[in-house]
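J.: Going by this note's numbering, 59 is the number at position 55 of the sequence shown; the sequence numbering is gapless.
All C-beta atoms in this analysis are idealised placements derived from N, C-alpha and C, irrespective of residue type, glycine included.
Note that this is a predicted model, so its numbers are computed, not measured.
My structure is below; once you've seen it, I'll send some questions.
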Amino acid sequence: MKISIIGGGNMGGAIAQGLSTGLFFKPEDITVITKTEVTAFKLKEFNPSLNAVAGVYDSLSTADIVVVAVKPWLVEELLSEHKDKLTNPDQILVSVASGISLEQLAGWSVQGKPVFRVMPNTAIAEKQSMTFVSSLNAQKEQTEMIVRIFNELGKTELIDEKLLSAATSLASCGIAYAFRYIRAAMEGGVEMGLYPNQAKQIVMQTLLGAVKLLEANDTHPEAEIDKVTTAGGITIKGLNEMEHAGFTSAVIRGLKASNVK
Numbered sequence: 005m006k007i008s009i010i011g012g013g014n015m016g017g018a019i020a021q022g023l024s025t026g027l028f029f030k031p032e033d034i035t036v037i038t039k040t041e042v043t044a045f046k047l048k049e050f051n052p053s054l055n056a057v058a059g060v061y062d063s064l065s066t067a068d069i070v071v072v073a074v075k076p077w078l079v080e081e082l083l084s085e086h087k088d089k090l091t092n093p094d095q096i097l098v099s100v101a102s103g104i105s106l107e108q109l110a111g112w113s114v115q116g117k118p119v120f121r122v123m124p125n126t127a128i129a130e131k132q133s134m135t136f137v138s139s140l141n142a143q144k145e146q147t148e149m150i151v152r153i154f155n156e157l158g159k160t161e162l163i164d165e166k167l168l169s170a171a172t173s174l175a176s177c178g179i180a181y182a183f184r185y186i187r188a189a190m191e192g193g194v195e196m197g198l199y200p201n202q203a204k205q206i207v208m209q210t211l212l213g214a215v216k217l218l219e220a221n222d223t224h225p226e227a228e229i230d231k232v233t234t235a236g237g238i239t240i241k242g243l244n245e246m247e248h249a250g251f252t253s254a255v256i257r258g259l260k261a262s263n264v265k
């Protein structure tokens, strides 16, 4: 298969790099259409076999999959301008642009073309993305293929489009919230006498351990919390102080605020 990715920025570039080391695509069958020669050069530095080109859209006419990885406000103009190249009847159109609906994608593309909304997060650069997929006009086999492709870049879940906004809040916005917790914990560690990088390593390993425990035990987080909150101990004192400051409420309110439909 051949895939063309429009946009070589953080998301488009990460998708190209990840797929070039996977099983679905040979690097030479991946074309990334970038805005500048500088971006194309950086992608070629990562893998010289990648077809990274600046402003050349010819590959859209022969690609089996076209991925639109540009800013949301550019999607309509881009698809309208290059609609004449999207005539391959077996071609699949994938958008990773937030807020652009399947109905809009279908309207801006060739009538009846299978369209997908794919919402990864920035951990896709390390093949650790939590990615969500919704589709319109797609056959079961096409949907399964898109899920398998993005499973190479982390974990992928097929989801109803109406839930994409909520899922994006948890995963795409959520990765920023996780980083903010790491930063806050680092600052606390520094205040208690640890060096910044030392505190960062401690917090990162602690979070990795927490995730592994939940995966291994398949338990509710509260069950794991109970294991370390002994009566009169220091953990419950810390947890209660965080709750007094509105920890859980702040997380929920932040997630709901980012759930813009």
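Give the list of continuous alpha helix (DSSP H) stretches no shorter than 4 residues that lie fully inside the segment 182-211.
T.: Listed in chain order, there is nothing to give.
J.: What residues in its chain sit with their C-beta under 6 Å from that of residue 109, if we drop five residues either side in the sequence?
T.: The answer, listed in chain order, is 99 and 119.
J.: So which of 243, 191 and 260 has the shortest CA-CA distance to residue 177?
T.: Residue 260 is the option with its Cα nearest to residue 177.
J.: Answer yes or no: do residue 21 and residue 67 have a C-beta to C-beta separation smaller than 8 Å?
T.: No, they are not a contact pair.
J.: Exposed or buried, residue 117, counting other C-beta atoms within 10 Å across all chains shown (16 or more means buried)?
T.: Looking at its Cβ environment, which holds 16 or more other Cβ atoms inside 10 Å, residue 117 is buried.
J.: Can you check whether the CB of residue 18 is closer than 8 Å to the CB of residue 266?
T.: The question about residue 266 has no answer here: the residues shown for the chain are numbered 5 through 265.
J.: Assign residue 104 to one of two classes, buried (16 or more other C-beta atoms within 10 Å of its C-beta) or exposed (fewer than that).
T.: So residue 104 ends up on the buried side.
J.: Just reading off the alpha helix (DSSP H) that residue 107 is part of, what are its end residues?
T.: Where residue 107 is concerned, the enclosing alpha helix (DSSP H) stretches over 106-112.
J.: Taking all protein chains shown into account, do 16 or more other C-beta atoms lie within 10 angstroms of the C-beta of residue 172, making it buried, or fewer, making it exposed?
T.: Result: buried.
J.: Is the number of C-beta pairs between the segment 128-135 and the segment 146-161 that are closer than 8 Å three or more?
T.: At 8 Å Cβ cutoff, the stretches touch.
J.: Spatial neighbours of residue 50 within its chain, please: C-beta separation below 7 Å, excluding the five flanking residues on both sides.
T.: Same-chain partners within the cutoff: 21.
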